[in-house]
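Below is one structure, written out as C-alpha cells; the observations come after it.
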Amino acid sequence: KYKYVALNKKGKVVEEETISRTYSDETSKINEVYNSVKVPELPEPLKPMFKMGTEKFPPIPNNIIYNLYAKCNEKDYSFLANEPFVKATGSSNKLDVNCTITIISPDTTFQSPGTIHLIGWGSRIYKKLSWAIKLDKKFMGRKAFKLRAMPNEPTLIRERLASELYNAAGVPTQQGTYTRVFINGDTYGLYTLIDSFSKNWIQGVVHGDTKAKIGVSYKLYVSGRKCSNFKYLGDSYKKYVKYGTYQLDEFDKSVIDPTDEAAKWAPLIRFTKLYSDWNNKYAKDTSEAAIKALAKFLNIESLLRLMAIETLTAAFDNFWLYSSNAALYYNPERDNFQFISYDYDQSLGDWQYSEDVNYQTLTKDCITWAHPDDTIIDHSFINGILSHPQIIERYKVILAKLSRSTFDPKTVSKFVNALADLIREDVSWNFEAIDKLKIDYDGHVNHYTFEDFEGNLAYTPIHSVGNYRYDNTTYGLMEWVEKKGDGCRAYTRNTNIQRDVNISDDYDVEVFRDSQQNKMISNTTTTTTTKSKSKTKTTTSTTTTTTKSKSKSKTKTKTTTTTTTTKNKTKATTTNAKKTSTPQNNKYITVKFKGTMSSSKYYLGVQQLAVQGSFDIAKLNDSASAVYRTWHVTSTTEPSFLYLSKATYGNDGEPSDLCLDLGTYTNGEGYNYLSIVQCSKATHKFRYGGTYGRTIDIYNKNNVHITDGDGHNLCLYYSMTPRISQCRYVEEKKNINAEHMDWDIFYL
C-alpha cells in the first residue's frame, strides 16, 4: 500500500491523498495522478435492455481528463473560428478543416489525421465553440466524437450527469468524459468528449457487435413550434422531407443503395403508417391486445425509460417537450423502432427560458410537465400512447424505481462530488481561458467564477448580468435533484414497484462491463503555455513526497507512510491523533455564530443533518438562516471540535456525531470551503476570539494554529458558502474582506 503526499517549500508534509493505492507491476506503466478520483457508478434498478458496448467499442472511461491538440490548416481554421456564421450570408459555417489530432491519455498518446467542424446552431452564439471530430484512425473504436463546450453551465457537470442517468436506466445514449482542448495553439478550456450518433456507436452500444448490420436512423428537429408528430403523410418520401422536422441520418450502405432515396426513407414511412393504423384501431381500447399490437413495432419500454429520465432532468430540448435532439431508429435485430436522445445542455435546472413550460408546477409535475397546452405544441403521438392505463402504470413503476435509486439525492451527490473533484483544479483555468482566447468572433461569454461553480453545485442559482453573464441558471444542481426527486417520489408514492416487468422487449441481455473502466487514473498531465502540470515520478519506500507550488509544478514519489494534514495553502505539525467522539452532555457549551455584515447576517449552519462537502448558510429564496445552526464546544478558552447540534432553528439540544471541518473544495485563491464530516474523521478545531476578538480561528488536532503558505493565521470567512481566509483582514478596515472575518457569538 502507498499514497502520495505534498510538501511545502521547507520540505514539510502539508497534505496527503485521501486514497490508498496498491502497487502492482502495471503501476510503473501508467502516469499516476495526485489524489486521483474514482467516479462511482449510478445504480441500475431496471432490467438491462442493450449491451451498451463491446470490447472493440468500450465505454469511454468517465474518470479521465484527456488533453486534445488539433494542428489544423491555419487559413481554414481561422475562417471557421472567426466566422461561425458566415458574414457574407449569415448562414452556419459548415467548413470541414483538415487537422492532425493528438489525444494524450494517462497511458497512451494517440494521433491521427482527421477533420474538425462546428456543431449546433444555438451553441454558435457563444465564443467558446463546440466541435465535431472525425478521425482516419480509430480511437477506442471510434472514428467520430463531439467536443461540447458547456459555455452556459457553471458546474460543467449537468450534461455528464444526464447522460449517466440515461445509461443507468438502460437507455443507450452518449458516453464520455472531459478533455482540455487546444487548437492551433489557442486554448479553449475544458470540454466534454462524448460519442457522436454514428454507425459505429449504434453497432457497439445498441447491438453490442461492431460488425452488426444497422438499420436506419432519423434525427428529429423542431421548426418554430412545429415538431415531429409522426403523422402518416402518405407513401411519398418527399412529403416527409418537405415537412422539415425529419432528417435522414445513419444507414447501412451495404443494405440500402445510397442513391435510392425512397428506400432510405421507407422505414420512417412504415413507422408512421403502423402507428396511424394502431391508433385508429386502439385509441379507445384499453385491453392488453392494444399494448401487444403496439409492442410489435415500438420499443415501448425503452421509450418510457427515456421519458422518465427526461422528467427527472426536465429536459427542455429533447424528445418529450419538442421532439428535438432525438432520433428514431429502426432496429433490424428486433424488427422494431426505438427512440434515442442526445445533447443535454438544457436540463437539470439549467435552461434557457421556455414560455411553453409551467415553472410553478415543474418540480412536482411528473406527467404533464412537457405539454401543459397541446394547442401550442402537437403532442398527439405521446398522448396517444399515454392514453392507455397499462402504459401509464408501467411509466410510474419505472419513475418510482429510478427516483428512489438512481436519482436518490445522496446517490447523485456522491457522483456529482466525484466529478467535481475530478475537474476542480481545471475550473478557474477553464473560465479564464475564454477571455484569453484570441479569435475575432465576439460570441457570448458567461463570466463564471470558481465560487459560481461551487455554489451552483449545491443550492445557489446563477443570475444573468447584462453582457457580463448572458445566461440564468435557475436552480443549484443538487437543489434541483432534491426538489424534482421529491416531487416524483410523491407522485409515485402509491405505485407497486414489485410489479416490475418490461412492457415490451423483455429480453435477457448481458451488459458489457469494461474491466479497464474507472481505474484510479483521473487526470492526464501535460506541459502547455497556459497551464503547467509537469510531473516527475519515481518509486521508493521512503517518505519523500509530492511538492506543490502555485505554478502547479509537481515532483512525485511514492511513500508507504501516512500523515494527517491540512488542505491547500495550509500547514501544520502533523500527528497520528486518536479518533474523537461526541462530548458528554455535561462537558459541552452550546453556542451560535452569526455574521456581522451590513448586507446580511445569517447564522453559521447547514440545511440538513448530514455529511456534506460544502454548504450554504441560508437559502436565498426564503432569506432564512439554515435549519441546523446550533453548535457545541468543549471549551471557550482552548481550541475545540465544533459539534453540530441535533436541535433545529437555533434551539438548544443534544450534540450529533457531525462536526465542522475544512472541505476539499477550494475557491480560486486556494482557500478551503467548510464541510460537515463524521466527528471521528474531523481534523480541525476552532476557537472564537483566537487572533482577534470576533474571529473564529482554525487549529489542527494538536491545537496548532493553521496558517497559509505566507505564515498568516487562518480564520472562518463569512460568505453564503462559508470558507477560510486570512485573519489579518480584520486589521485592514478598507479591505473588502475585512467585514467577512467578524462573527457574533451567542451562548445558550
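When the count follows this note's numbering, it moves up by one through the sequence shown with no breaks and lands on 1133 for the last residue. Think of the CB as a built atom: it goes at the ideal place given N, C-alpha and C, for glycine as much as any other residue.
Query                                                                                                                 : Result
Buried versus exposed call for asparagine 448 [16 or more other C-beta atoms within 10 Å across all chains shown]     : buried
Exposure of aspartate 735, with buried meaning 16 or more beta-carbon neighbours within 10 Å                          : buried
Isoleucine 847 - partner residues in DSSP beta bridges                                                                : Thr858
Among Gly861, Ser849, Trp754, nearest to phenylalanine 838 - alpha-carbon criterion                                   : Gly861
Leucine 787 - DSSP class collapsed to helix/strand/coil                                                               : helix
Within 8 Å, strictly: CB atoms of leucine 1059 and cysteine 1044                                                      : no
Segment limits, beta strand (DSSP E) that includes phenylalanine 495                                                  : 494 to 503
Outcome for asparagine 841 when other beta-carbon atoms lying within 10 angstroms are tallied against a minimum of 16 : buried
Top-ranked residue by Cα proximity to phenylalanine 615, from Met535, Leu546, Leu550, Ala712                          : Ala712
Under 8 Å between C-beta atoms of lysine 1070 and lysine 1086                                                         : yes
Residue from Trp650, Gly1094, Ile1121 with nearest C-alpha to valine 398                                              : Gly1094
Three-way DSSP call (helix, strand, coil) for cysteine 484 in this model                                              : strand
Status (buried if at least 16 other CB within 10 Å, exposed otherwise) for glutamate 686                              : buried
Stretch pair the stretch 551 to 568 + the stretch 449 to 464: three plus CB contacts closer than 8 Å                  : yes
Burial state of valine 640 (16 or more Cβ within 10 Å)                                                                : exposed
Other residues of its chain near serine 708: CB distance less than 6 Å, five sequence neighbours each side excluded   : Leu605, Cys612, Ser613
Whole-angstrom distance between lysine 977 and lysine 1031, CA atom to CA atom                                        : 13 Å
Pair within 8 Å by beta-carbon distance, glutamine 731 and alanine 755                                                : no
Contact set for glutamate 646: own chain, Cβ-Cβ below 8 Å, skip 5 residues either direction                           : Tyr622
Inter-residue Cα distance where the pair is threonine 1220 and isoleucine 445                                         : In the structure as shown, the chain begins at 386 and stops at 1133. Residue 1220 is therefore absent and cannot be evaluated.
Residue burial classification, aspartate 1046 (beta-carbon count within 10 angstroms, cutoff 16)                      : buried
Residue range of the unbroken beta strand (DSSP E) whose run includes asparagine 716                                  : 711 to 716
Residue-chain proximity (isoleucine 1081, chain C), Cβ-Cβ < 8 Å                                                       : Here chain C cannot be found, since the structure has a single protein chain.
Buried/exposed call for threonine 439, threshold 16 Cβ in 10 Å                                                        : buried
Which of helix, strand or coil DSSP assigns to lysine 979                                                             : strand
Length-filtered (3 minimum) beta strand (DSSP E) runs lying within the stretch 1086 to 1123                           : 1099 to 1102, 1108 to 1111
Cβ neighbours of threonine 487 in the same chain (closer than 6 Å, five flanking residues each side left out)         : Tyr454, Gln496
Segment contact flag, the stretch 989 to 1007 with the stretch 844 to 857, C-beta cutoff 8 Å, min 3 pairs             : yes
Continuous beta strand (DSSP E) stretch holding lysine 531: start and end                                             : 527 to 533
Cβ contact check for the stretch 802 to 820 and the stretch 882 to 895: 3 or more pairs under 8 Å                     : no
Closest by C-alpha distance to phenylalanine 524, when choosing among Gly499, Asn716, Glu718                          : Gly499
The stretch 692 to 706 touching the stretch 855 to 874, judged by at least three CB pairs closer than 8 Å             : yes
Cβ separation of lysine 536 and tyrosine 511, assumed to be a contact under 8 Å, to the nearest whole Å               : Looking at the sequence itself, residue 536 is proline, so the reference to lysine does not match. With 8 Å as the limit, proline 536 and tyrosine 511 qualify as a contact, their Cβ atoms being about 4 Å apart.
Assigned secondary structure, serine 661 (DSSP; H/G/I helix, E/B strand, else coil)                                   : helix
Reduced DSSP category for tyrosine 727 - H, G, I as helix; E, B as strand; rest coil                                  : coil
Cutoff 6 Å; reference alanine 597; Cβ partners in own chain excluding five residues on either side                    : Gln588
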